[in-house]
Amino acid sequence: MIVDRMRTNRRTAQRLAIVVVLMFGFGYALVPLYDVLCEITGLGGRTGVVAAGSLDGAVDTSRTVKVQFLGTVNSRLPWEFRPSVGSMEVHPGQVYETMYFARNLSETVTVGQARPSVAPSVASLHFNKTECFCFLLQELSPGEARDMPVRFVLSRDLPAEIATVTLSYTFFNSGQTG
Amino acid sequence: MSTSYGAHADDHHGPEPGLLRWLFTTNHKDIGTLYLWFALIMFFVGGFLAMGIRAELFMPGLQVMDPHLFNQFTTMHALIMIFGAVMPAFVGFANWLVPMMVGAPDMALPRLNNWSFWILPFAFTLLIGTFFLPGGAPAAGWTIYPPLVLQGGANVAFMVFAIHMMGISSIMGAINIIVTILNMRAPEMTLLRMPLFVWTWLITAFLLIAAMPVLAGAVTMLLTDKFFGTSFFNAAGGGDPVMFQHVFWFFGHPEVYILILPAFGIVSQIIPTFARKPLFGYESMVYATASIAFISFIVWAHHMFTVGMPLSGELFFMYTTMLIAVPTGVKVFNWIATMWRGAMTFETPMLWAIAFVVLFTIGGFSGLMLAITPVDFQYHDTYFVVAHFHYVLVTGAIFAIIAGVYYWLPKWTGHMYNERLGKWHFWLSTVSVNVLFFPQHFLGLAGMPRRIPDYAVQFTDWNMVSSIGGFAFGLSQLLFVYILVQTIRGGERAADRVWEGAHGLEWTVASPPPYHTFEKPPRVTEAEAHG
Ligand code: HEM
Ligand SMILES: [Cu+2]
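As structure tokens, then:
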């Protein structure tokens, strides 16, 4: 009778332990789930991949959108970093190029990684880059300076109420050395 | 006489002599006592830190400590109070009462029970020890947001391991409680005859096994981000610090209900006793508790309205959060309806329980204000939030714990406490706690940020008032210890059914109960059912 009950108790406890393990896994599963959600919705301002519709050459000249550029450096990266122009007027569908400038202010070789973000977040789904210094790590020797291009196109289906889009980069120290 | 210990849980023997009794005990009453003492000690450690915080905030400028130490104080105060005081106190109640209330001889897994408790002192030694590390204790707030928290030194590793240990302890405790309630009830104790305290703990235990592992995952990710080069929350490596907030609050909001549901249970035992009426709407109380638990998993982002969510997200979390107020309101109305036209008397436990209902409701209302997304942009990270969660946690959870201690102490010790001193303790605490926390609403609305050691001079007056209330509240709790010790050491003998209006199986055994109770399942008469 007692032995019986001990066995049932242990079985119930084991089932509950499975729930615990699953929930621990679920905590980790939230990471990819969150990524997928951001990918779909544009939350977090992640910029899109190049969509076929936006590169067919057709340009919507009837519409002008202002694109603003920002550049910030994380405190652990001893660099100067800024856009060479503050903003541009662009037509959806046309490819544009702009420059960002970076200079290593420290005495050592440092490797930086830029992370882009687009605001408002709905616009990020329609903001496509064909070339960007953020695709690669950037390595600068002491005192070295570099102009880095970004080539981008706004897709024509950018929601009509959006008149201004902001592209901002934060440069982080990648932690790698040379 | 030689006695053989161990083999059978139902051996007829008393406690082992000496101190080792406490180390090796598998008796639910012993373990309940250990948990309650541990919680009391942690309550005073956390309280000491709170006194430091209020001393620093007594005046603008920096007088008592430097800002870094201040941040350590706020962080450790919260971690110790939540994981060291409130949660272990509730587990202590569960250990003492759940087996007696359902007519079981002990917890279902007694040896696991011993482990659950004895992990805790080690976890907190590890956590509190960080004060003596170079760089000090964790200082990024109890919400341990990266990247700030990762700037701590070795304390990150200590804190993460301490949280793992607390998590394991409370998960094992929760499993034990669920198994006890599901498998060990006396045959006549059907689910819908269980006391509400047992119900609320059953649901809390499910919250624990669902939420604590997620916290364990989140802190493990912090650990690997800091020491092993992963980039879960590191933007440079492709991670996202906002994601931590999602994972943390997915645990964090259920956690706040872990901290309050057992309190609902305690109050639901006390009010019927002193109103001399059965609990109004027993079944609706059970359903309300279950729906609160369920909804608590889909409201988490109300802690992060300001991170830049899309409008649809803000609206979703605003409405679900407000939805929680409905079952919570059901409970408050049921308590009031229970008291309505009851033959009420106001012994100390009842006073604390009534204060709980009133003051917890104030905290619920400020919660509703915070749930309104557009105004939360103003209130977020101000003292208004601090006022909110102290109303629900101090005058909510802790008042219920104190109410429960006065209510069951005569049962546990066999002695009546000193009623006159108990009333003094109640009035001193209730007045001072409001002097302490009510002005924090004004400070928050006026714009004083939380977690700052120094502030603009226009906030001085209310901060002084609040600090004076704080010192008075702290001192009043020394009276509590005095009353506890006095009651344990002696006093008027308590009857078995300590309170004439009390129902439930725990009142059918002697006061204090013998070391082993209900080795044979008791009958459950209609009078004792869901007392
Ligand atoms: C009617 C029920 C409740 C509602 C609508 C509610 C709503 C909220 C909201 C919206 C916030 C976020 C405020 C901000 O940071 O801007 C908050 C914070 C908080 N609430 Fe509640 N709440 C409720 C009940 C409770 C209960 C019962 C507890 C615990 C027993 C609790 C504990 C907390 C804590 C600890 C925080 C602050 C967390 C932190 O940032 O450190 N709340 N509440
Ligand atoms: Cu919450």
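Those protein sequences? They're chains P and L, same order as listed. Going by the numbering used here, the final residue of the first sequence carries number 178, and the count climbs one at a time with no gaps. Going by the numbering used here, the final residue of the second sequence carries number 1531, and the count climbs one at a time with no gaps. Using N, Cα and C, we set each Cβ at its ideal position, and we do this for glycine too. The model shown is predicted, which means the values in this text are computed figures rather than measured ones.
Check the Cβ of P:Ser121 against every Cβ in chain L and list those closer than 8 Å, keeping chain order. In chain order, Gly1308 and Pro1310 make up the part of chain L whose C-beta sits under 8 Å from the C-beta of P:Ser121.
Residues with C-beta closer than 6 Å to any heavy atom of ligand 1, in chain order: The filter returns L:Thr1143, L:Val1256, L:Leu1259, L:Ile1260, L:His1302, L:His1303, L:Thr1321, L:Ile1324, L:Ala1325, L:Thr1328, L:Gly1364, L:Gly1367, L:Leu1368, L:Leu1370, L:Ala1371, L:Asp1376, L:Tyr1379, L:His1380, L:Val1385, L:His1388, L:Phe1389, L:Val1392, L:Leu1393, L:Gly1396 and L:Ala1397, in chain order.
Would L:Val1214 count as contacting chain P if we go by Cβ distances under 8 Å? So, interface residue.
Roughly how many whole angstroms lie between the Cα atoms of P:Asn104 and L:Thr1382? Rounded to the nearest angstrom, the two C-alpha atoms are 39 Å apart.
Would you verify that the beta carbon of L:Gly1217 is, or is not, closer than 8 Å to some beta carbon of chain P? Yes, contact with chain P.
Compare the C-beta of P:Gln176 against all C-beta atoms of chain L and say whether one is closer than 8 Å. Taking Cβ atoms only, chain L never reaches closer than 8 Å to P:Gln176, which makes this a no.
Rounded C-alpha distance that separates L:His1530 from P:Ile2: A direct Cα-Cα distance of roughly 26 Å separates L:His1530 from P:Ile2.
For L:Met1001, I'd like the list of residues in its chain whose CB is within less than 7 Å of its CB, leaving aside the five on either flank, ordered along the chain. Per-residue confidence for L:Met1001 stands at a pLDDT of 33, beneath the threshold of 50, marking its modelled position as unreliable; the derived number appears in the next sentence. So no residue of the chain qualifies.
Okay, do the region 1151 to 1171 of chain L and the region 1216 to 1234 of chain L touch, 3+ Cβ pairs below 8 Å being the bar? A contact between stretches requires three or more CB pairs, one per stretch, nearer than 8 Å, and the region 1151 to 1171 of chain L meets this requirement with the region 1216 to 1234 of chain L.
Helix, strand or coil, according to DSSP, for L:His1425 in the structure here? DSSP places L:His1425 in helix when its eight states are reduced to three.
Is any non-hydrogen atom of ligand 2 found closer than 7 Å to the C-beta of L:His1246, if you look at the structure I gave you? Because no heavy atom of ligand 2 lies under 7 Å away, the Cβ of L:His1246 does not count as near it: no.
Under 8 Å from the C-beta of P:Ala13: neighbouring residues of chain L: P:Ala13 reaches chain L at Ala1108, Leu1109, Leu1112, Ile1175, Asn1176 and Val1179, counting residues in chain order whose Cβ is nearer than 8 Å.
Enclosing beta strand (DSSP E) for P:Ala197 [first to last residue]: What the structure shows of chain P is the stretch from 1 to 178, and residue 197 of chain P is not part of that stretch, so it cannot be assessed.
Hey, L:Ala1123 and L:Met1166: beta-carbon distance below 8 Å or not? Closer than 8 Å, so yes.
May I ask which residues mark the beginning and end of the alpha helix (DSSP H) holding P:Leu140? Unbroken run through P:Leu140 is the beta strand (DSSP E), Gln138 to Leu140; no alpha helix (DSSP H).
Given that a residue counts as buried once 16 or more other Cβ atoms are within 10 Å of its Cβ, and exposed if not, what is L:Asp1454? Within 10 angstroms of the beta-carbon of L:Asp1454 lie fewer than 16 other beta-carbons, which makes it exposed.
Starting from P:Pro116, trace the alpha helix (DSSP H) both ways and give me its first and last residue. From DSSP, P:Pro116 is part of no alpha helix (DSSP H) but of the beta strand (DSSP E) over Thr110 to Ala119.
Check for me: the beta strand (DSSP E) holding P:Leu167 runs from which residue to which? It spans Thr164 to Asn173 - the beta strand (DSSP E) in which P:Leu167 sits, taken as one unbroken run.
Please find out if some non-hydrogen atom of ligand 2 comes closer than 7 Å to the beta-carbon of L:Val1299. Yes.
Mark L:Ala1510 as exposed unless 16 or more other C-beta atoms lie within 10 angstroms of its C-beta, in which case mark it buried. By the 10 Å Cβ count, L:Ala1510 comes out exposed.
Report yes or no: do the region 1176 to 1196 of chain L and the region 1069 to 1083 of chain L share at least 3 C-beta pairs separated by less than 8 Å? Below 8 Å, too few C-beta pairs join the region 1176 to 1196 of chain L and the region 1069 to 1083 of chain L to call them touching: fewer than three.
Considering only their Cβ atoms, is the gap separating L:Ala1137 from L:Phe1131 smaller than 8 Å? Cβ distance < 8 Å, so L:Phe1131 and L:Ala1137 count as in contact.
Distance between L:Met1042 and L:Tyr1406 (C-alpha atoms, nearest Å): If I take the Cα positions, the gap works out to 19 Å.
Cross-chain neighbours of P:Asn9 in chain L, by beta carbon under 7 Å: Chain L residues near P:Asn9: Ala1108, Leu1109, Val1179 and Asn1183.
Straight-line Cα distance separating L:Pro1134 from L:Asp1461: Taking the Cα positions, L:Asp1461 is about 36 Å away from L:Pro1134.
At which residue ranges does the region 1355 to 1396 of chain L contain complete alpha helix (DSSP H) runs of 4 or more residues, listed in the order of the chain? For the region 1355 to 1396 of chain L, the full-length alpha helix (DSSP H) segments reaching 4 residues or more read 1373 to 1379 and 1383 to 1392 along the chain.
Taking the alpha-carbon positions, what's the P:Glu184 to P:Met148 distance? Shown here, chain P extends from 1 to 178; a query on residue 184 of chain P therefore has no answer.
Ligand 2 and L:His1516: does any heavy atom of the ligand fall closer than 7 Å to the residue's C-beta? Taken from the Cβ of L:His1516, every heavy atom of ligand 2 lies 7 Å or farther away.
Is it buried or exposed for L:His1068, if we count other Cβ within 10 angstroms and need 16 for buried? Looking at its Cβ environment, which holds fewer than 16 other Cβ atoms inside 10 Å, L:His1068 is exposed.
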